[in-house]
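*Asks:* For our numbering, add 8 to where a residue sits in the sequence shown, where the first one is 1.
Pasting in a structure now, in structure tokens, and then I'll have a few things to ask.
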Amino acid sequence: MDWQWKAWDGLTKSDLYKLMALRQAVFVVEQDCPYLDADGLDEKAFHLLGFKDGRLGAYARAFAPGEVYAEAAIGRVVTADFVRSTGLGRPLMQKAIEGVRNTWGSVPIKLSAQAHLEAYYNSLGFETCGPGYDEDGIPHLPMRKEP
């Protein structure tokens, strides 16, 4: 995988198109969840893009502490169908955590996890930090990783 960690101003038009297309293909179409993906936050985020043979196979975005939560945040964690079941989700999250640490230092990280992925995020050091909630018709949990 060719991993790239980019601020908004570092994204090319092609990067932006590919990441929006991937997020919409998975979160809107595959998960049958109509919601506004272009939420106005991308300009404040750092973007982790994972390319395999020139195709975007993995993506996540991250925010500085205070932008979304008091903690740093990771979200929009997604893999493309052509790389699923290859174990790429773990390196994606490890790279996202590394990007947060390299950009903002040793800070707590929070995310909003789909509830069925709780054990997966637990295995990466995240702990549930509040009650579950519904987000766009999908059960979610707030999760936090200490520095």
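Glycine included, every Cβ here is placed at the ideal spot set by N, Cα and C.
Computed from a predicted structure; not experimentally measured.
By alpha-carbon positions, which one of V108, P150, V115 ends up nearest to H55?
*Replies:* Start at 1 with the first residue of the sequence shown, and residue 55 comes out as number 47. If we check each option's Cα against that of H55, V108 comes out closest.
*Asks:* With a threshold of 16 other CB atoms inside 10 Å of the CB of E79, please say whether the residue is buried or exposed.
*Replies:* Taking the sequence shown and counting its residues from 1, the one referred to as residue 79 is at position 71. By the neighbour-count rule (16 or more Cβ atoms within 10 Å), E79 is buried.
*Asks:* Can you tell me whether L24 is helix, strand or coil according to DSSP?
*Replies:* The count along the sequence shown starts at 1 and reaches residue 24 at position 16. In this structure, L24 counts as helix in the three-state DSSP scheme.
*Asks:* Note down the Cα distance separating K153 from T20, rounded to an integer number of angstroms.
*Replies:* The residue you call residue 153 lines up with position 145 of the sequence shown. The residue you call residue 20 lines up with position 12 of the sequence shown. Rounded to whole angstroms, K153 to T20 spans 31 Å at the Cα level.
*Asks:* By alpha-carbon positions, which one of P155, A53, A104, K118 ends up nearest to H148?
*Replies:* Locating residue 148 in the sequence shown gives position 140, where the first residue counts as 1. Checked all of P155, A53, A104, K118; the closest Cα to H148 is K118.
*Asks:* With a Cβ-Cβ cutoff of 8 Å, do R69 and G83 count as a contact?
*Replies:* Taking the first residue of the sequence shown as 1, we reach residue 69 at position 61. Taking the first residue of the sequence shown as 1, we reach residue 83 at position 75. In contact: R69 and G83 (Cβ atoms closer than 8 Å).
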